[in-house]
Structure formats: structure tokens, C-alpha cells
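Participant:
Number of protein chains: 2
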Amino acid sequence: MVTLAEVAQHAGVSASTVSYVLSGKRSISATTRQRVEESIRELGYHPNAGARALASNRSNIIALMIPLRTDIYVPVMMEIAVAVATTARTHGYDVLLLTGEEGPDAVRRVTGSGLADAMILMDVQLDDERLPLLRGTDQPSALIGLPADPSGLTCVDLDFRAAGALCLGHLAALGHRDIAVIGEAPAVYERHTGFAERTLEGLRGRARELGLRLLHRPCEGGYDAMAVTLARIFDERPGTTGFVVQNESAVEPLLALLRQQGRAVPEDVSVVAICPDQVATQASVRLTSVAVPAQEMGRRAVEHLVAKLDGRGGDEVVLLAPELTVRASTGPAPTTP
Amino acid sequence: MVTLAEVAQHAGVSASTVSYVLSGKRSISATTRQRVEESIRELGYHPNAGARALASNRSNIIALMIPLRTDIYVPVMMEIAVAVATTARTHGYDVLLLTGEEGPDAVRRVTGSGLADAMILMDVQLDDERLPLLRGTDQPSALIGLPADPSGLTCVDLDFRAAGALCLGHLAALGHRDIAVIGEAPAVYERHTGFAERTLEGLRGRARELGLRLLHRPCEGGYDAMAVTLARIFDERPGTTGFVVQNESAVEPLLALLRQQGRAVPEDVSVVAICPDQVATQASVRLTSVAVPAQEMGRRAVEHLVAKLDGRGGDEVVLLAPELTVRASTGPAPTTP
DNA sequence: ATAGGTCGTCGAAGCGCTTCGACACTCTCT
DNA sequence: AGAGAGTGTCGAAGCGCTTCGACGACCTAT
């Protein structure tokens, strides 16, 4: 293992000079810099992370807490995680992966031990038990999601309320009057997950404004659950012609079932999804959808944290504006004779 | 920030005593231990990670390198990642998330800086450029996947060759003679990804033994690509009655297309998948499948590393035996009159 | 009773880095 | 020509922890 001191000796300068070459925190003459850089390369020097963290009180690590459940929003989570890791690297940070399993203890542990300089939390509940801890520390943090009370916190999220409204507006403009909403699994609503509830508010609010009839049904993913849910919907509202789906694992089952029942998409019923673009474009019918900008969210969260760590910027709630892309799954409502 | 010294003072002992209470590396009287533990709790002490790493030359971090591509095997990757994180925590380790983007440089950086004590690599190519680096260091590592030459390395993987053979055996036993294999995207084969090629070897070998006709077609995910591929298959081999699918994002499109063409599963054609159980059970037809034991793989990799870090055990190739679960997508071959 | 163990604790060294103050220079401005 | 203001470099302190050797205190076997 090569140390700073060895590099210094090799280059014929003092250790502090090498350190300043590395950090750029003091000016160094061009010739010295070159000599040092040459030595670093020649010896294959890598600064020791622990020593650096100890001396500078900075680990250059950002912690990312992902939900333990692997059964839900997997593509979104993965995309966010990768975006976080990639963005962090471009700013010189590494990413520590925490699972939700440890809950608040993980926050305490990471904060207390100086393992990470900052923290990103995903899968935030409206009234998340980790939030008081975050407010009580001076360690920067960012949430991906929006809790009930975001004061004193940095949050990045899609504006799901607007997304809900947008979907409904699109269906309404096409003449649909009876809309069914296929939501996430009931457990998601029971946990009071922000995005699910806010979407619903957006949908309901706009439905009221436009005088549409709205039926919301949570749904476990998968074919069988979807079959039951769909049967109930048509039972209760036979005139349903528009669907809004916010549940990745219900998308394909829904399409398959509609097809099977002889209801053509988009001729007989229209479907709008709120999901990552990839899901929308790979479905058996290319779906009109509001994209969940997973990468963008991950990137923004990291950039906020880096800014805060550099002493720039403060808390802020960033709600990304939803965009609706029209594809092949929506069309004019059928004219009932 | 509370330090060891403060805890020591509070408990009326020396710093080293507190350290030994924490590590258990020397015997400590029960009364002293209690007093120290009480102080730790009272002061809310967390050992500083950097200082610990510097002094002990151990970071208690395991690096996990995941592929950058988020478009492929997402659920598997995610499951492995979560299993790695969870298992690592139970052994007192944290997980550093690296993306494949940096490639070999990441290996050098992490190894050189002492950021992590060990490393797990996913998405291993048969002739992966990171392997020489791993062999050249004394830092323990584990691969999830199997390269062409695993000598001097620890590898954990499903025995894909056996998995391929198993699928074919099952179809053969049901009387199918003409089998089509829907593979991963062409790029996966071009990269010489181990699992894809080994599956193919297993399939071909058993096909030869049993005298079956085998047609292998790589396939991009999604509905449209699958439609093209399927058309070609039936064009070339109209008598095809058995399918083996190794491509998560081709599963649902395949089922939809077969249904659409009036080919009933399993009455007219049988489908066996190689995929995580979750995909198999959530599909519109519950799929007979060989499970990719993602969690098990993640867990095993971590446990091997922990053992190596504790000075137990050495390099080893662990090939998990495949298990085929019969569900609703396979049945006897139709008798051609 | 004394030599030899074991047990529990302490002090001090040191891990590899960052950073502060100091110091010798070289410029500029008057 | 001398004061003042940079520049570029160095030495030393110290970050919070682990770990080694040392040392009493107590126990056992001779």
C-alpha cells in the first residue's frame, strides 16, 4: 500500500504539498504539481479513504436508503439507485446502500458514525418516523418523495397531484365520463405513501371540476388480482370507458384481460398509465402515460446534497412537472347510441 | 459528536478499555463492561467509521458492483442487491454501491483506497476485464456469475447449464419434439455473458442426447420484437410446440401473442421459463419455470466473503442446483394426427 | 512461602491524512 | 529602497480509534 509520505519522498517534496496538489486548496507551482502527479501515477497511489475521512471529517459517501420490499416499483427504484450512484460519482462521491429494514436506526448509525456525509431517503411515508431524526441533525439529507410536512427538509418528487389531474384532463378531453383508477396495492395506501395519496387527490379534484365519475380501486399486482378488480369495476360501473393505472404490475394483466373480454384498446376503452416510460413503451399496447422521471429524481437529489455539502443552497421542495405522452392506448370515448 | 475518550471519562476507565468492551478482543470484568455500556447508551456514542478504518485497516464495507444497464434483468439485480445488503448487515458490514460504468477503474480505486474490505461483482462476462485485477490483489472478492476461467476466484451462480438441460428434459418428457428457445437480447450473447451461453450449452447438449430439434433465437424485450421473433420461429419450424424463455421482458409478450394467435397454453404449446419466481407466478399464465435464486446468490456471495475476511475458507465455485417448478404453462404435446 | 499463571486494566504509539501557521521568496507600489 | 502583498512550500499537530506491551492483583501449584 502506497502512502502520501512515500509519494512525497519520491517527488522530493513534503507530505503537505502532495496533499495540496490533490485537494487544490492552496496554489502549487506548475513544476511541483507535475512532479507530484508523475510520482502519483508512477507509484499507483490511491489516498486511503479512512485516513482522509478521519482527518477531514468527510467521508465522500452519500447514503441511499431503498425500501426493502423488492416486489413493488422495482424498475423505478433501480433506475433511481443507478442515477444516484452515477451522479454521485461525477461529483466525487460514492454511494452506500442501506435497506429500509433497519429503519430509523440506520439513520442514527450513519449520522453518528460519520459513515456518510449525507443521506437520500426513498419510499417516504406521509408521516415517516425517520423525519424527526433528519430534522434533528445537521447532516444534509434529501427525500425522494414528499411527506405531509416537508418543512426543514429537501424533497424531490414528481408532482403526482398534477399528474393525476393531467391524466384525467386527457381522458375528459376525449369524451370519457366514467373513469376507473387502478391503484397500487392496498398496503401502499394503508402505509400512507405520499405519492399514492397525492395522485388520488389530483384525480379526485379534477374529476370534481370536470364533473366526471371516478372509481378508485387499489389492486395487488398480477393477473388474478387484476381479474377480480376489473370484474368488480365493470359490475359497479358498466359504463366505464377510461382507465388510469398507477401500478406497474397491473398494467399488462389489465391489457390482457381487456383484450380477452373483447374490449378493444383504444376503441372501446382508453388506458392512461403513470409509470416509467420503459414500462409504457414495452407494454403490449403502447401506453399513453405520464412518466415517472426516475433518473431525473435521483440526479436532482444528489445535486441538491452536493450543493448543500458545498455550503450552497438550502432546503427546498422540488416538484417535477408531469408530462403526458400520448401513445396508442387512448382515443375518443365510444359514442353510446 | 461523542468520542471514545468521552465515553471512557464518563465511565471512569481508559479509552482502551472502552475499545475492548466494544470489540470483545480482551476479557473485561462484568462490572466494568456494564458501566461502559451504560455510558455508551447514555451518551449516545457511535464509533467514528473513519477512525476505525484507519486504525484497524478494516472499513467493514463490502462493495457491490451492479451493471449500469437498467433495462435488463432488473428484478434479479434488485433482489440480489437487497439480499447482499441485508446479509451484509447481519454480519456487521455495510454495502457500497458501484455501477459498472467505471469498469476496472472502480476495482482499482476501491482496492487501493481501502474503501471496502471486499468486493462483489455482478454481470460477469466470460472473459471479464476486471478479473485479472481481482486475481492480482489480496482483497477478497466474489463473482455472481461464472467466467470462462474461474481459477483463483470465488463464484456463485445458478447452474445454468443444468437449468437448460432440465427445461428440455421436462418438455421432452411431455412429448415435445420441436423446441424453440427465446433468449436474451443479441447484445447479451455478443458480450459473451456467461449465464446465457451456458444455458444454451445445456439446452443443446440435452437436445442432442434426446434427439430433439432446437431453434435458438435471441430477442430484444417487448411486444414488437417478440412478434417478429415469434413469426420467424413458426415460419421456420411450424411444428414447434415447446418454448423455453430466458428473457424476463419477453415472457408476457410471448404469452399475449400466442393467445392472440389462437394457440392455447398449455394445450397447443408449452412454455418453460428461466426467471425469478415472482415473474413466473405473476404472468398471465402461471409459468412452469426454473427459478433464478437471486436472494440465495446474494446471500451466499456475502457469506463467502465474510468467511474469507475472517480467515476461514478459500476460493470456491458454487453452482446452485436448478429446480423446476411445474405450473400451468406446460402439458403433453398435442398429438398430431 | 514463593514461583508462575491468568485476569483486567492502562498508557502510549501510531494508522495516513488534512490543515494551520510560519517562513522564505518574489513582486508591486510608492 | 523599503513596506506590503501575494506565492509556494514546509513542519507539526491532531483527527478518533486499535492494539501492543506492561503491570498490578489475585489465584494456584509446588
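Going down the list, the sequences are from chains A and B.
Under the numbering used here, residues 1 to 337 are what the first sequence spells out, in order.
Under the numbering used here, residues 338 to 674 are what the second sequence spells out, in order.
Glycine included, each C-beta is placed from N, C-alpha and C at the ideal position.
Give me the DSSP bridge partner(s) of C504/B.
Facilitator: Bridge partners of C504/B: none, in fact.
Participant: Pair every Cβ in the region 433 to 441 of chain B with every Cβ in the region 79 to 91 of chain A, then say whether three or more of these pairs are closer than 8 angstroms.
Facilitator: Enough Cβ pairs lie closer than 8 angstroms, so yes.
Participant: Indicate whether the contact test is met: 3 or more Cβ pairs, each with one atom in the region 654 to 665 of chain B and one in the region 619 to 627 of chain B, closer than 8 angstroms.
Facilitator: Because the criterion of three Cβ pairs below 8 angstroms is met, the region 654 to 665 of chain B and the region 619 to 627 of chain B touch.
Participant: Using 8 angstroms as the Cβ pair cut-off and three pairs as the minimum, do the region 508 to 524 of chain B and the region 536 to 548 of chain B touch?
Facilitator: Counting Cβ pairs under 8 angstroms, three or more are found: they touch.
Participant: Looking at the unbroken beta strand (DSSP E) that takes in L96/A, where does it start and where does it end?
Facilitator: Per DSSP, L96/A belongs to the beta strand (DSSP E) from 94 to 99.
Participant: DSSP on R550/B, reduced to helix/strand/coil?
Facilitator: Of the three classes helix, strand and coil, the one that applies to R550/B here is strand, per DSSP.
Participant: Within the 8 angstroms Cβ cut-off, does R109/A reach chain B?
Facilitator: Closer than 8 angstroms to some Cβ of chain B, the Cβ of R109/A qualifies, so yes.
Participant: What separation, rounded to the nearest whole angstrom, lies between the Cα atoms of Y357/B and R370/B?
Facilitator: Rounded to whole angstroms, Y357/B to R370/B spans 9 angstroms at the Cα level.
Participant: In chain A, what lies closer than 8 angstroms to R426/B by C-beta?
Facilitator: Ordered by position in chain A, the residues that pass the 8 angstroms Cβ test against R426/B are T99, E101, E102.
Participant: What's the C-alpha gap between D647/B and A485/B?
Facilitator: About 28 angstroms.
Participant: Along the chain, where does the alpha helix (DSSP H) that runs through M415/B open and close?
Facilitator: It spans 411 to 427 - the alpha helix (DSSP H) in which M415/B sits, taken as one unbroken run.
Participant: From the beta carbon of E589/B, is the nearest beta carbon of chain A less than 8 angstroms away?
Facilitator: So yes, E589/B belongs to the interface.
Participant: Which value, in whole angstroms, describes the spacing of the CA atoms of E197/A and Y189/A?
Facilitator: Taking the straight line from one Cα to the other gives about 7 angstroms.
Participant: To which residues of the same chain is H304/A closer than 6 angstroms at the C-beta, ignoring the five residues directly before and after it?
Facilitator: The answer, listed in chain order, is A142, T154.
Participant: Output yes or no for whether 8 angstroms exceeds the beta carbon distance between I61/A and D117/A.
Facilitator: Yes, they are a contact pair.
Participant: What three-state label does DSSP hand M65/A in the structure shown?
Facilitator: Reduced to three states, the DSSP call for M65/A is strand.
Participant: Could you work out which residues of chain B lie near G50/A, taking near to mean beta carbons separated by less than 7 angstroms?
Facilitator: Per Cβ cutoff of 7 angstroms: G387, A390, L391, S396, G451.
Participant: Closer than 7 angstroms by beta-carbon distance: list the chain B residues that pair up with H46/A, in chain order.
Facilitator: Within 7 angstroms Cβ-Cβ: R446, G449, S450.
Participant: List the residues of chain A that P412/B touches, going by C-beta distances under 7 angstroms, in chain order.
Facilitator: V74, listed in chain order.
Participant: Output the boundary residues of the beta strand (DSSP E) element that contains M119/A.
Facilitator: Residues 118 to 121.
Participant: Let me see if you follow: with CB-CB separation under 8 angstroms, is Q583/B close to chain A or not?
Facilitator: Q583/B does not count as touching chain A.
Participant: For a test of the three-state rule: what should DSSP assign to A601/B, helix, strand or coil?
Facilitator: The answer is coil: DSSP assigns A601/B none of H, G, I, E or B.
Participant: For T423/B and chain A, any beta-carbon pair shorter than 8 angstroms?
Facilitator: Closer than 8 angstroms to some Cβ of chain A, the Cβ of T423/B qualifies, so yes.
Participant: Check distances from the C-beta atoms of the region 203 to 232 of chain A to those of chain B and list, in chain order, the residues that come in under 7 angstroms.
Facilitator: Cβ contacts with chain B: G221, G222, Y223.
Participant: Taking only beta carbons into account, state which residues of the region 340 to 352 of chain B come closer than 9 angstroms to chain A, listed in chain order.
Facilitator: Flagged: no residues at all.
Participant: Taking Cβ to Cβ, would you say V344/A is nearer than 8 angstroms to M415/B?
Facilitator: No information on residue 344/A is available, as it lies outside the stretch 1 to 337 that chain A covers here.
Participant: Residue range of the beta strand (DSSP E) that A142/A falls in?
Facilitator: That run of the beta strand (DSSP E) goes 141 to 144.
Participant: What is the rounded straight-line gap between the Cα of R244/A and the Cα of L380/B?
Facilitator: According to the sequence shown, residue 244/A is Val rather than Arg. Going by the C-alpha atoms only, they are around 52 angstroms apart.
Participant: From the DSSP output, in three-state form, read off S270/A for me.
Facilitator: Residue state, collapsed to three classes: strand.
Participant: Does any C-beta atom of chain A lie closer than 8 angstroms to the C-beta of V419/B?
Facilitator: Interface residue, yes.
Participant: Given that a residue counts as buried once 16 or more other Cβ atoms are within 10 Å of its Cβ, and exposed if not, what is Q246/A?
Facilitator: Classification for Q246/A: buried.
Participant: Would you be able to state if there are at least three C-beta pairs under 8 angstroms between the region 268 to 281 of chain A and the region 604 to 612 of chain B?
Facilitator: The region 604 to 612 of chain B, when compared against the region 268 to 281 of chain A, does not touch it at the 8 angstroms Cβ threshold.
Participant: Leaving aside the five residues before and after L134/A along the sequence, list all residues of the same chain whose C-beta is less than 6 angstroms from its C-beta, in chain order.
Facilitator: Hits under 6 angstroms: S141.
Participant: Under 8 angstroms, Cβ to Cβ, is there at least one residue of chain B near M78/A?
Facilitator: M78/A counts as touching chain B.
Participant: On the three-state DSSP scale, how would you describe S113/A?
Facilitator: S113/A: helix per DSSP, three-state reduction.
Participant: So, at 6 angstroms on beta carbons, what are the nonlocal neighbours of D460/B in its own chain, with the 5 sequence-adjacent residues on each side left out?
Facilitator: P404, listed in sequence order.
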